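Residue numbers (my numbering), protein chains in the order written: chain C, 124 to 509; chain G, 51 to 512.
Written out as structure tokens, the structure reads:
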């Protein structure tokens, strides 16, 4: 894979624009912020990859850590002033593909991929536990309006399950016809793609599309922006199947007057997930939902929208967390930033972010001070308000 | 090996294991900058957070007689922080706090790792009426790094080199003592270097060979509400000194820069003189614009020059701070590199320097970008001979290196002095330097750095 980019990667000048948001307020590259060695900045990483391609350095576990600790959050793509900026993630993913192909990956990455290959999820948990959260939620049957694609984090992680349950309950309460795949659901493959296992990714795409076709699925609503991204942008052969993220469906229902939101007095701030924001330019929809809840005051974090600071969970890091165990871990920095706004609630729209930020709130001892909520949990509360 | 392990352990005790590395990958990255000087790896990279930690690192290095190289943004492109003799690279970018802004006396105190991007953002957010002289380097360049190389910026035409704007320093000497320089050495206020003996000169322009600057006091200036730009275009380089003289006489421009490049073809054979105008009202801007137009009327009437029409996007590009266009120059050849010699020259030498630029680029078959900045009210100028190169093409790299060598020779020949010179250019300067001056430099270095541990290879008198 890498040969496609080998004659381009030297073009990075290592200027460092990629370290910042557009107004330079703070460091905005998760891995550079975490480790601070130049090697962990995008420029340093690209120079090391080129050095590896030229044979100036050999593969090592540390080189792999440099390469795989990039969360592919796309801040570098957003900020790089060069014409090749759109290619940066491809270069990094291409390098990972090369490393995966040559079995040059650290143990936690190979376990991550093996588990998805064998069990359809990165933790190696039994498939039949995939819908353990979904009591009372129907399996998708042909004719249902929506297939609710829950994804791995939504199916297995406690925080993700809360999100899945909240959204499913909400859908039920509105009378929408939908169903889940339950134990028949497979990983969407987004992380597999960005970690660099192209073969497994293609296999997952095929399995998922076959399943969707077998069930005559017309519309998919995803819980995770990661699944939304892969299905929307990388699933060749998805045909006419419409894919939306659950926030898009929420806003549509609000705007059509299908649900009536009641007053909820709270100061909230919103964290833009990378795969919803920078990857798919969905910035306004979650904010519109919040605007439609009377009494909600949205206080923006300094780094928002295109300049949002990644939670550190992208490219599988919400599982193997190469950026963890430090007060400079991105998730901890992000919850401190959210707390600094004066908001009481941090709103998220991604189960991976939910896992990362929930842990960070505990580590930062912000429990009871800053509450993490999925946007559909907030909508549900508003609907239930008497 | 035992000694190396001892040093590694000592560094870990000083800054914590997280911030010390002797891993191959980190050493590789810190062995080079984006320019074209030969790389050389250090043995360790260490990232202190406090002056006390820097003090301990300096004492350790001095005790063990290990070279020590302080590093900021590593963006001089001259290899000034390449550890030519190995040793310990001290990456100062974790020392990134803005410590104090004095609004009334208009100065800021910052730590050594504060980047130009961060200081700009900090002032915009907290002190919107104040600004500093932002260089054309990327936002990841550190303010201290820019000061140490006598950098220039957007306020240089008004107030001189950025190093002329220093109000105070905190320095860790090579032997480990911490010194304050300027009013801050006797007062809590870091307002000025005067009226004390000017010890800052022992550290500015020395490229870290005399000590490690850990804190900086820097002058801030009023930030006007409106910025605009006019670009005057001439074809004859001989006219440039007169244009500069006339514009600087008005004292109406904030920043004056000159640019010339052969590509795209529309820019070939023209020299652009950019003049930034700032004001608190449109009336103020218009007044300044009129003064400048009137000053250049003679060249307009003779049809030797004229003001260029600009689209809003071109204007925006020219007004951008820090500018990204300098960085984009590195991708002109899709090669990821550019190198430049930017000698400081008398303004009247512009035509001669421009002629040299054309001769050298023709000789080596390379392209160029010329970007100059007027320093003071036409007291001198930085004339940049900028050459993009393809780092993946060794032959192109060699040709560009030869061009750089010729440029350094030419710069000295016309009476200029290469700015932030790489080691070979430093040697050329020292060969030409007054012998007693050279001996004075040597004595100062020996007094401050008896074991020769500070960034060895630079300003090394043989």
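All C-beta atoms in this analysis are idealised placements derived from N, C-alpha and C, irrespective of residue type, glycine included. Since the model is a prediction, treat every value here as computed from it, not as a measurement.
Item to check | Three CB pairs or more closer than 8 Å across the segment 157–175 of chain C and the segment 400–420 of chain G | outcome: Counting Cβ pairs under 8 Å, fewer than three are found: no touch.
Item to check | Min CB distance residue 135(C) to chain D below 7 Å | outcome: In the structure shown, chain D does not exist; the protein chains are C and G.
Checklist entry - Which residue from 437(G), 114(G), 225(G) and 248(G) puts its Cα closest to that of residue 235(G)? => result Numbered from its first residue, the second chain carries residue 235(G) at position 185. Among 437(G), 114(G), 225(G) and 248(G), the Cα nearest to that of residue 235(G) is on 248(G).
Item to check | Best match in 476(G), 155(G), 190(G) and 151(G) for proximity to residue 172(G) [C-alpha to C-alpha] | outcome: Counting from one through the second chain, the residue named residue 172(G) turns up at place 122. Taking residue 172(G) as reference, the option from 476(G), 155(G), 190(G) and 151(G) with the minimal CA-CA separation is 151(G).
Next on the checklist: Suppose you measure from the CA of residue 71(G) to the CA of residue 319(G); what does that come to, to the nearest Å?
Outcome noted: The sequence position of residue 71(G) within the second chain is 21, counting from 1. The sequence position of residue 319(G) within the second chain is 269, counting from 1. Taking C-alpha positions only, residue 71(G) is separated from residue 319(G) by approximately 50 Å.
Item to check | Segment limits, beta strand (DSSP E) that includes residue 457(C) | outcome: The sequence position of residue 457(C) within the first chain is 334, counting from 1. It is not in any beta strand (DSSP E) - residue 457(C) instead sits in the alpha helix (DSSP H) that spans 453–463.
Next on the checklist: Runs of 4 residues minimum, wholly inside the segment 198–234 of chain C: which ones carry the alpha helix (DSSP H) assignment?
Outcome noted: Runs of the alpha helix (DSSP H) inside the segment 198–234 of chain C: 198–202 and 211–224.
Checklist entry - Helix, strand or coil: how does DSSP classify residue 440(G) here? => result Start at 1 with the first residue of the second chain, and residue 440(G) comes out as number 390. Annotated three-state conformation of residue 440(G) is strand, per DSSP.
Checklist entry - Roughly how many angstroms lie between the CA atoms of residue 475(C) and residue 132(G), to the nearest whole one? => result Taking the first residue of the first chain as position 1, residue 475(C) is located at position 352. Taking the first residue of the second chain as position 1, residue 132(G) is located at position 82. Going from the Cα of residue 475(C) to the Cα of residue 132(G) covers about 41 Å.
Checklist entry - Shortest alpha-carbon distance to residue 113(G) belongs to which of 502(G), 507(G) and 506(G)? => result Your numbering for residue 113(G) matches position 63 in the second chain. Minimum Cα-Cα distance from residue 113(G) among the listed residues 502(G), 507(G) and 506(G) corresponds to 502(G).
Next on the checklist: For residue 128(C), which residues in the same chain have their Cβ closer than 6 Å to its Cβ, ignoring the five residues on either side in sequence?
Outcome noted: Here residue 128(C) refers to the residue found at position 5 when the first chain is read from its first residue. These residues qualify, in order along the chain: 214 and 217.
Checklist entry - By Cβ distance below 6 Å, which residues in the same chain neighbour residue 472(G) in space, the five residues on each side in sequence not counted? => result Stepping through the second chain from its first residue, residue 472(G) is reached at position 422. The residues are 87, 128 and 129.
Checklist entry - Between residue 515(G) and residue 254(G), what straight-line distance do the alpha-carbon atoms span, to the nearest angstrom? => result Residue 515(G) falls outside the range modelled here, since chain G spans only 51 to 512, and no answer is possible.
Next on the checklist: Let me see if you follow: with CB-CB separation under 7 Å, is residue 455(C) close to chain G or not?
Outcome noted: As a working note, residue 455(C) is residue 332 in the first chain. So no, residue 455(C) is outside the interface.
Checklist entry - From which residue to which residue does the beta strand (DSSP E) around residue 239(G) run? => result On the second chain, residue 239(G) is found 189 positions in, with the first residue counted as 1. First-last for residue 239(G): undefined, no H or E at that position.
Checklist entry - Are at least three pairs of beta-carbons, each pair with one atom in the segment 253–271 of chain C and one in the segment 302–321 of chain C, less than 8 Å apart? => result The answer is yes - the segment 302–321 of chain C touches the segment 253–271 of chain C, with three or more Cβ pairs under 8 Å.
Item to check | Three-state secondary structure assigned by DSSP to residue 196(C) | outcome: Here residue 196(C) refers to the residue found at position 73 when the first chain is read from its first residue. It is coil, neither helix nor strand.
Next on the checklist: Let me confirm a value: residue 199(G) is counted as buried when at least 16 other C-beta atoms fall within 10 Å, else exposed. Which label applies?
Outcome noted: As a position in the second chain, residue 199(G) is number 149, starting the count at 1. Residue 199(G) is classed as buried because its beta carbon has at least 16 other beta carbons within 10 Å across all chains shown.
Item to check | Residue environment, residue 353(G), which counts as buried when at least 16 other CB atoms sit within 10 Å | outcome: By 1-based counting over the second chain, the position of residue 353(G) is 303. Result: exposed.
Checklist entry - Do we get a CB-CB distance below 7 Å when we pair residue 146(C) with the residues of chain G? => result Numbered from 1 along the first chain, position 23 holds the residue referred to as residue 146(C). For residue 146(C), the answer is yes, since a Cβ of chain G falls inside 7 Å of its Cβ.
Checklist entry - How big is the Cα-Cα spacing for residue 426(G) and residue 123(G)? => result By 1-based counting over the second chain, the position of residue 426(G) is 376. By 1-based counting over the second chain, the position of residue 123(G) is 73. Near 26 Å, if we compare the C-alpha coordinates of residue 123(G) and residue 426(G).
Next on the checklist: Tell me the DSSP secondary structure of residue 370(G) in three-state form.
Outcome noted: Taking the second chain and counting its residues from 1, the one referred to as residue 370(G) is at position 320. Note: residue 370(G) maps to coil in three-state DSSP.
Next on the checklist: Can you tell me whether residue 182(G) is helix, strand or coil according to DSSP?
Outcome noted: Along the second chain, read from residue 1 onward, the residue named residue 182(G) stands at position 132. Looking at residue 182(G) - three-state DSSP - the assignment turns out to be coil, as it is neither helix nor strand.
Checklist entry - Are the segment 387–397 of chain G and the segment 436–455 of chain G touching, with three or more C-beta to C-beta distances below 8 Å? => result They touch, by the three-pair rule.
Checklist entry - Can you find a C-beta in chain G that's less than 7 Å from the C-beta of residue 185(C)? => result By 1-based counting over the first chain, the position of residue 185(C) is 62. At least one chain G Cβ lies under 7 Å of residue 185(C).
Item to check | Rounded straight-line distance, which links the Cα of residue 488(G) to that of residue 232(G) | outcome: Residue mapping note: residue 232(G) aligns to position 182 of the second chain, counting from 1. Residue mapping note: residue 488(G) aligns to position 438 of the second chain, counting from 1. The alpha-carbon atoms of residue 232(G) and residue 488(G) are separated by roughly 25 Å.
Item to check | beta strand (DSSP E) segment containing residue 423(G), residue limits | outcome: The sequence position of residue 423(G) within the second chain is 373, counting from 1. For residue 423(G), the uninterrupted beta strand (DSSP E) segment begins and ends at 419–425.
Checklist entry - Are any of the Cβ atoms in chain G nearer than 7 Å to that of residue 526(C)? => result Nothing about residue 526(C) can be reported from this structure: the residues present for chain C run from 124 to 509 only.
Item to check | Nearest to residue 134(G) (by Cα), restricted to the options 117(G), 146(G) and 144(G) | outcome: Translated into positions along the second chain, residue 134(G) becomes position 84. Nearest to residue 134(G) by alpha-carbon distance, out of 117(G), 146(G) and 144(G), is 117(G).
Item to check | For residue 453(G), three-class secondary structure by DSSP | outcome: Here residue 453(G) corresponds to residue number 403 of the second chain, with the count starting at 1. In this structure, DSSP gives residue 453(G) a helical state, which the three-state scheme calls helix.
Checklist entry - Taking all protein chains shown into account, do 16 or more other C-beta atoms lie within 10 angstroms of the C-beta of residue 316(G), making it buried, or fewer, making it exposed? => result As a working note, residue 316(G) is residue 266 in the second chain. That one is exposed.
Checklist entry - Apart from the five residues on each side of it in sequence, which residues of its chain come closer than 8 Å, Cβ to Cβ, to residue 455(C)? => result The count along the first chain starts at 1 and reaches residue 455(C) at position 332. Here the set comprises 449, 483, 486 and 487.
Checklist entry - Using a beta-carbon distance cut-off of less than 9 Å, what residues from the segment 61–93 of chain G approach chain C? => result Those would be 68, 69, 71, 73, 74, 75, 76, 78, 79, 80, 82, 83 and 84, in chain order.
Checklist entry - Does DSSP put residue 501(G) in a helix, a strand or coil? => result Position 451 of the second chain, counted from the start, is the residue given in the question as residue 501(G). DSSP places residue 501(G) outside both helix and strand once states are collapsed to three, so it counts as coil.
Checklist entry - Would the beta-carbon of residue 305(G) fall within 7 Å of that of residue 327(G)? => result Counting from one through the second chain, the residue named residue 305(G) turns up at place 255. Counting from one through the second chain, the residue named residue 327(G) turns up at place 277. When the beta-carbon positions are compared, residue 305(G) and residue 327(G) stay at least 7 Å from each other.
Checklist entry - Using the beta-carbon of each residue, which ones in chain C are nearer than 7 Å to residue 526(G)? => result Outside the shown range of chain G (51 to 512) lies residue 526(G), about which nothing can therefore be said.
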